[in-house]
Amino acid sequence: VNGAEYISEFLRLRGSNKIFLITGGACAFMVDAVARNDGLSYVCFHHEQAAAMAADSLWRIDKTVGVTMVTSGPGATNLITGIACSFFDSIPTIHLTGQVNQREGRKFLGANVRQAGFQETQIVDMVKPITKYAVEVTSGDELKAELTKAYNIAISGRMGPVLIDVPMDVQQEEVGNVVDYLAPVKPAIDQSEKSSIVESLNEFFSGSERPVILFGAGIGLSGSEQCFEKWLRGKTIPFVSSWNGSRYFDHDLPNYYGSIGVYGNRGANFVLQNSDRLLVLGSRLDNRQTSGEVSSFAPLAKVCVVDIDKDELKKYKDKKYSTLNYDLGGVVDIFDQLDIPISNDWKKFCESMKLEYFGICKSTSAEKYKSLSPYAVVKKINQLIKNNSIVVADDGANLCWVFQSFHRTQHNLYTAGGNSPMGYAFPAAIGAAIHKPEAQIIAFTGDGSMQINIQELQTMKNYNLNIKLVILNNFGYGIIKQFQDSYFGSRYEASGNGYSQPDFVAVSEAYGIACHVVETVDDLTQELINSTGPAIFDVRLHPNTLIEPKLEMGNPINRQFPYLDESKLLEGTKYFKK
Ligand SMILES: Cc1ncc(C[n+]2csc(CCOP(=O)(O)OP(=O)(O)O)c2C)c(N)n1
Ligand SMILES: [Mg+2]
4 VNGAEYISEF
14 LRLRGSNKIF
24 LITGGACAFM
34 VDAVARNDGL
44 SYVCFHHEQA
54 AAMAADSLWR
64 IDKTVGVTMV
74 TSGPGATNLI
84 TGIACSFFDS
94 IPTIHLTGQV
104 NQREGRKFLG
114 ANVRQAGFQE
124 TQIVDMVKPI
134 TKYAVEVTSG
144 DELKAELTKA
154 YNIAISGRMG
164 PVLIDVPMDV
174 QQEEVGNVVD
184 YLAPVKPAID
194 QSEKSSIVES
204 LNEFFSGSER
214 PVILFGAGIG
224 LSGSEQCFEK
234 WLRGKTIPFV
244 SSWNGSRYFD
254 HDLPNYYGSI
264 GVYGNRGANF
274 VLQNSDRLLV
284 LGSRLDNRQT
294 SGEVSSFAPL
304 AKVCVVDIDK
314 DELKKYKDKK
324 YSTLNYDLGG
334 VVDIFDQLDI
344 PISNDWKKFC
354 ESMKLEYFGI
364 CKSTSAEKYK
374 SLSPYAVVKK
384 INQLIKNNSI
394 VVADDGANLC
404 WVFQSFHRTQ
414 HNLYTAGGNS
424 PMGYAFPAAI
434 GAAIHKPEAQ
444 IIAFTGDGSM
454 QINIQELQTM
464 KNYNLNIKLV
474 ILNNFGYGII
484 KQFQDSYFGS
494 RYEASGNGYS
504 QPDFVAVSEA
514 YGIACHVVET
524 VDDLTQELIN
534 STGPAIFDVR
544 LHPNTLIEPK
554 LEMGNPINRQ
564 FPYLDESKLL
574 EGTKYFKK
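Right, dumping it as structure tokens:
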């Protein structure tokens with residue numbers, strides 16, 4: 004087989020059978036080989052960024068490695084924002100870029116020119132900081148070795164995207180048969196090491212009265228979410244989560260108090276802030292969780308962080324932090340041996356916080372303007388859809404509204420948490436719909452973000468994808484405007500002033516897709532949401548609809564806007580005075 008055919012067969016054998024692409028001269032041999040492989044098919048996108056975001060989505064759905072195939076130069080550089088989504092959220096993806104023939108390339112000519120071949124770009128150097136591994140192959144033998152190597156790097160340890168740049172001559176080279184693939188082996192942790200982890204954690208918790216566990220995305224990335232959920236079911240230990248962690252729990256678990264942080268649930272924030280022992284599992288504690296004032300985070304607690312990535316642990320300089328460098332998947336079985344003391348007073352406090360705040364999503368701004376509450380919209384859709392549906396959120400205020408109010412049980416709920424580019428949700432939903440045509444899929448986006456990958460309406464139409472695309476339309480960049488309310492005297496530069504948008508109903512019509520204008524929650528009917536095939540919902544919100552609650556700069560996470568009255572604040576910070 005030639006290099007291009009080898010790549011196809013390798014991907015098929017790994018179970019990555021849908022290749023997301025835009026073609027071009029430098030990748031044409033690879034694309035043709037995909038088409039000729041009986042076990043593979045390709046999907047044509049209309050922007051490479053969208054293809055990369057769709058590929059990113061597959062692992063989040065069912066741990067399938069997504070693949071893109073694009074041409075050199077602009078095809079390759081267009082992937083970058085999508086690749087970054089995978090890198091920051093530790094999602095394995097494979098990106099195959101065509102490259103010019105080596106005899107036409109800058110390396111062959113030996114001069115330090117900007118470009119030799121047409122559309123030649125040094126994509127490998129460009130993506131190095133946002134991939135786990137990126138390599139240009141120079142021969143068939145190298146291609147064979149590097150495919151396995153790159154694939155295994157993508158799926159092992161702290162996972163992430165990889166890119167392989169394949170010159171046209173290597174795509175055409177005769178490379179021989181497909182060689183055996185050896186899967187990576189997970190390093191086992193022996194019994195004595197496990198006993199020492201139990202000892203450290205029991206020591207950490209000894210004397211605790213107010214323990215809390217914070218779960219991050221690591222619990223799902225390590226494949227241990229089900230084991231942890233089982234363990235938690237029998238326990239009373241309170242737990243909270245990051246947004247990327249919240250997608251791995253049944254929010255009905257009695258000891259779940261919600262997600263924390265800048266846009267977190269007030270009750271969850273109060274629980275965390277009052278704790279005396281905080282165990283952080285698989286979360287990098289980014290500043291959307293801790294606030295910019297890191298020293299005000301968990302101010303009364305000793306904190307222990309367990310993470311697979313040594314470098315993440317180097318961040319913790321303060322002596323209140325201790326760290327353990329483990330893959331949660333390898334140590335989840337030790338949790339049964341932990342002895343975590345909890346006071347009754349603490350259980351009561353957590354319960355009272357839950358009663359007061361959990362699941363409460365009030366839009367005082369919508370009340371003020373007598374307009375539609377985005378929280379009511381999300382909750383209504385949440386009620387109408389099936390428990391196993393796929394729900395993708397985008398960025399900005401619309402992302403916050405979804406993660407603040409969506410009650411996840413079995414749903415597959417996700418977003419590109421770390422990179423959070425405008426326009427992720429829609430192409431990610433396209434990836435989901437192609438991968439799981441039978442699934443119910445909802446993509447939430449904003450009017451601004453919708454315009455970043457609006458060209459993919461054609462992909463949705465062309466493949467007749469079963470996606471309900473919900474545009475939470477506030478006629479502007481809502482999250483930025485709210486920021487400008489706080490710091491720029493409501494001067495809405497480039498967020499309201501200068502910003503523009505098309506008539507989404509007319510746009511949908513041009514693409515031949517049904518569009519429903521939503522002005523009240525009653526416009527969202529069972530019939531419309533549960534119909535099959537593509538549809539768009541243009542949900543009309545007031546331009547000044549706020550994210551509530553939200554932290555303003557300089558505050559600890561227990562003091563969010565809209566500000567509580569003194570007695571509620573005192574209740575929520577009950578243990579601060581001691
Ligand atoms: C590619 C990209 N450019 C810029 C930003 C900065 N940004 C974050 S949210 C946002 C506004 C998004 O507007 P919209 O989709 O309407 O969301 P809203 O906040 O109004 O719900 C901007 C410009 C970003 N996240 N990604
Ligand atoms: Mg908007």
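Its first residue numbered 4, the sequence shown is counted upward by one per residue in the working numbering. Cβ coordinates follow ideal geometry from the N, Cα and C atoms, glycine included. What you are looking at is a predicted structure, and each value in this text was computed from that prediction instead of being measured.
Using a Cβ-Cβ cutoff of less than 6 Å, which residues in the same chain neighbour residue i once the five nearest sequence positions on both sides are dropped?
i: valine 37; result: Ser11, Ile22, Leu43, Tyr45
i: isoleucine 192; result: Gly333
i: cysteine 307; result: Phe207, Leu282, Ser325
i: cysteine 364; result: Tyr378, Gln407, Ser408
i: alanine 400; result: Gly481, Ile482, Ile550
i: asparagine 456; result: Ala53, Gly426, Phe429, Pro430
i: valine 116; result: Arg109
Could you give the distance in angstroms between the alpha-carbon of residue i and the alpha-carbon of residue j?
i: valine 335; j: cysteine 353; result: 25 Å
i: asparagine 390; j: lysine 147; result: 42 Å
i: valine 274; j: leucine 82; result: 41 Å
i: tyrosine 360; j: glutamine 413; result: 22 Å
i: glycine 421; j: phenylalanine 91; result: 5 Å
i: threonine 84; j: glutamate 51; result: 9 Å
i: valine 405; j: methionine 463; result: 22 Å
i: proline 424; j: aspartate 398; result: 6 Å
i: glutamate 232; j: leucine 256; result: 9 Å
i: serine 195; j: leucine 204; result: 14 Å
i: glycine 210; j: arginine 250; result: 31 Å
i: proline 559; j: glutamate 296; result: 6 Å
i: methionine 556; j: serine 294; result: 8 Å
Our contact map puts residue i next to residue j with C-beta atoms below 8 Å; I'd like the distance itself, whole angstroms only.
i: alanine 153; j: isoleucine 97; result: 7 Å
i: asparagine 272; j: isoleucine 263; result: 5 Å
i: tyrosine 514; j: leucine 549; result: About 32 Å; that fails the 8 Å criterion.
i: alanine 436; j: valine 395; result: At roughly 10 Å, the Cβ-Cβ gap does not stay under 8 Å, so alanine 436 and valine 395 are not in contact.
i: threonine 100; j: alanine 79; result: 4 Å
i: isoleucine 222; j: glycine 248; result: 6 Å
i: isoleucine 311; j: aspartate 330; result: 5 Å
i: isoleucine 384; j: isoleucine 539; result: Going by Cβ atoms, the distance from isoleucine 384 to isoleucine 539 rounds to 14 Å, so no, they are not a contact pair.
i: valine 584; j: glutamate 145; result: A query on residue 584 cannot be resolved here, the shown segment of the chain reaching from 4 to 581 and no further.
i: valine 68; j: isoleucine 158; result: 7 Å
i: glycine 3; j: asparagine 469; result: The question about residue 3 has no answer here: the residues shown for the chain are numbered 4 through 581.
i: proline 95; j: methionine 33; result: At roughly 20 Å, the Cβ-Cβ gap does not stay under 8 Å, so proline 95 and methionine 33 are not in contact.
i: tyrosine 372; j: histidine 519; result: Tyrosine 372 to histidine 519, Cβ: 22 Å. No contact.
Kindly examine ligand 1 and report whether one of its heavy atoms sits closer than 7 Å to the Cβ of residue i.
i: methionine 425; result: yes
i: leucine 475; result: yes
i: glycine 515; result: no
i: glycine 499; result: no
i: isoleucine 483; result: yes
i: isoleucine 455; result: yes
i: alanine 428; result: no
i: alanine 369; result: no
i: glycine 362; result: no
i: asparagine 401; result: yes
i: aspartate 289; result: no
i: aspartate 488; result: no
i: aspartate 398; result: yes
Who are the near neighbours of residue i in its chain, counting only those whose CB is closer than 8 Å to its CB and skipping five residues on each side?
i: glutamate 496; result: Gln487
i: histidine 49; result: Ile25, Gln458, Glu459, Gln461, Thr462
i: asparagine 104; result: Gly120, Pro170, Met171, Asp172
i: glutamine 175; result: Asn5, Gly6, Ala7, Phe32
Ordered along the chain, which non-local residues of its own chain (more than five positions away) have a Cβ less than 7 Å from that of residue i?
i: serine 493; result: Gln487
i: arginine 291; result: Gly264, Val265
i: lysine 238; result: Asn258
i: glutamate 522; result: Leu375, Arg543
i: tyrosine 184; result: Leu16, Thr151
*Give every residue whose Cβ lies closer than 6 Å to any heavy atom of ligand 2, listed in chain order.*
Gly449, Asp450, Gly451, Asn477, Gly479, Tyr480, Gly481
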